[in-house]
Amino acid sequence: MKTLKVSFLTAFALGIVMSGCSGSKSNEELTFKDAFEGKFLVGTALNVEQVAGNEPKAIEIAKKHFNSAVAENCMKMENIHPEEDIFFWDEADAFVEFAEKNNMHIVGHTLVWHSQAAPWIFVDENGEDVSREVLIERMKHHIQTIVGRYKGRVDGWDVVNEAIEGDGSWRESKWYQIIGPEYIELAFQFAQEADPEAELYYNDYGVSGKAKCDGIYDLVSNLLEKGVKVDGIGLQGHLNFDIPLISEMGASIEKLSSLGVNLMVTELDMTIVPWPSDEVTAEVSLNYELSKEYDPYSEGLPDSVYQEVMDRYTGFFEMFLRHHEKITRVTFWGVHDGNSWRNDWPIEGRTDFPLLFDRNYQMKEGVENILEMAKNWETN
């Protein structure tokens with residue numbers, strides 16, 4: 001039995017459930033896409049095995065609950081463009097076809113990123129850095145080949161991913177070192193040329209931090225002043241159990257929305273297990289040793305911790321609803337706990353509980369309160 005501890009937000013949501021609403025769907029019938037209809041799209045990342053039909057229960061959840069889909073890995077450079085003259089289309093094609101068949105808003109992820117880049121992209125035959133001109137041409141070919149293939153089919157692209165550091169400065173990636181800060185402007189330009197109708201996004205983590213939010217604001221503001229087509233900013237929602245504060249993320253939404261672009265909460269999940277660093281980051285290169293200290297819930301999540309998690313998720317969604325006119329989409333990074341990257345990053349082999357469907361493909365207890373809160377938001 002779950003703990004009787006109930007926060008203000010959970011009590012608020014429970015009150016909605018108990019009071020009911022004429023014409024609303026029952027708890028069993030209500031889905032994410034129904035509950036948030038008219039506020040924003042609700043999406044999920046899909047992996048290759050799911051799209052291939054090897055996890056039918058996960059696909060059933062995706063089709064029932066979500067109206068947007070993003071490719072978790074198959075469109076990243078190391079997967080789709082592993083060698084200079086070779087593109088591997090099978091998995092990305094299957095993803096786009098699945099999303100089209102199920103009338104989902106489709107997001108391509110990601111065109112330019114310092115991580116999971118193909119090893120060949122930055123070097124010549126001798127292993128030395130290529131020239132600025134060569135890398136620009138390679139980037140153009142990469143972007144325009146992929147975006148061009150899915151022209152008119154993919155609704156929006158994460159064009160550039162994670163270019164700003166936590167202190168608001170430029171990340172000195174190989175893209176930055178070889179091309180300079182202009183690489184971002186060029187990336188958006190190349191994507192627009194390949195599909196003028198697709199939405200183009202900048203995507204980053206840690207946006208709740210003031211310095212990073214300011215850095216992203218300055219970056220996008222500068223691009224817009226130059227006439228560069230930037231349609232939206234993705235605020236990655238890789239949350240920890242205690243940080244960021246809900247108010248901090250809300251403040252970032254307020255600031256970035258003043259740019260006049262769409263905002264999306266992307267890659268939403270919440271790690272429950274202890275964090276092994278003082279740094280709040282989604283840097284995929286981090287790797288720590290597995291220990292019981294950092295894997296305390298391998299036998300299951302205590303009721304008291306579970307309640308705290310649901311209270312925190314409820315609080316974030318209440319904040320998203322308050323800002324729904326500024327937000328066009330909220331996307332979870334995975335369908336259920338069992339296939340979340342949080343189990344293996346930054347410590348391989350842990351048991352985490354970061355999503356709102358459990359390892360048995362069941363909606364978690366308390367999620368229906370979030371859905372009812374969303375469904376009845378206009379009456380609040």
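If you read the sequence shown in full-length UniProt numbering, its first letter stands for residue 1, the second for the next number, and so on. Even glycine gets a Cβ: it sits at the ideal position worked out from N, Cα and C.
The beta-carbon separation of M264 and F241, rounded to 23 Å, does not stay under the 8 Å limit for a contact. A Cβ-Cβ distance of about 6 Å is found for the pair I327 and F320, placing them in contact under the 8 Å criterion. Under the three-state reduction of DSSP, F332 is assigned to strand.
Assignment of N343 by DSSP, reduced to helix, strand and coil, places it in the helix class. With respect to I61, V228 sits apart: the two C-beta atoms are not nearer than 8 Å.
As the crow flies, the alpha-carbon of E185 is around 23 Å from that of P119. Residues K76 and E78 of the same chain have their beta carbon placed closer than 6 Å to that of Q116, with the five preceding and five following residues left out of the count.
Here L290 is exposed: its Cβ has fewer than 16 other Cβ atoms, across all protein chains shown, within 10 Å. For M270, the pairing in a beta bridge is given by DSSP as L239. Annotation for S173: H114 place their beta carbon closer than 6 Å to its own, counting only its chain and skipping 5 residues before and after. Rounded to whole angstroms, the Cβ separation of I178 and R171 is 13 Å, and the two are not in contact under 8 Å. Straight-line measurement puts the Cα of A374 at about 35 Å from the Cα of N222. Distances from the alpha-carbon of G168 to those of W89, T314, D214 and F188 put D214 closest.
Shown here, N203 sits in a strand according to DSSP, grouped into three states. For I178, there is no enclosing beta strand (DSSP E); the enclosing alpha helix (DSSP H) has its first and last residue at K174 to I179. For L111, the closest alpha carbon among the candidates D34, D124, Q189 and E293 is that of Q189. Here K255 has C213 and Y217 as same chain residues with Cβ atoms under 7 Å from its own Cβ, once five neighbours each way along the sequence are excluded.
The alpha carbon of G206 has as its nearest neighbour, out of L224, I253 and L200, the alpha carbon of I253. D90: not part of any beta strand (DSSP E); member of the alpha helix (DSSP H) spanning D90 to K101, first to last residue. Each residue's CA atom was taken as its position, placing D195 and K151 some 5 Å apart.
Spanning the alpha carbons of E72 and A198 requires a straight line of approximately 19 Å. The closest CA to that of E125, considering only V154, A92 and E83, is found on E83. Taking the C-beta atoms as reference points, Y297 is found no nearer than 8 Å to L356.
Short of 6 Å from the beta carbon of L135, and not among the five residues preceding or following it, lie these beta carbons of its own chain, in chain order: I178 and I179. When only Cα atoms are considered, E299 and R350 end up about 11 Å apart. For F353, the secondary structure class from DSSP, reduced to helix, strand or coil, is coil. In this structure, DSSP gives T110 an extended state, which the three-state scheme calls strand.
Judged by their CB atoms, T331 and L268 are nearer to each other than the 8 Å cut-off.
The alpha-carbon of L30 is positioned some 47 Å away from that of R138. Cβ neighbours of S257 within its own chain (closer than 7 Å, five residues either side excluded): L263 and K326.
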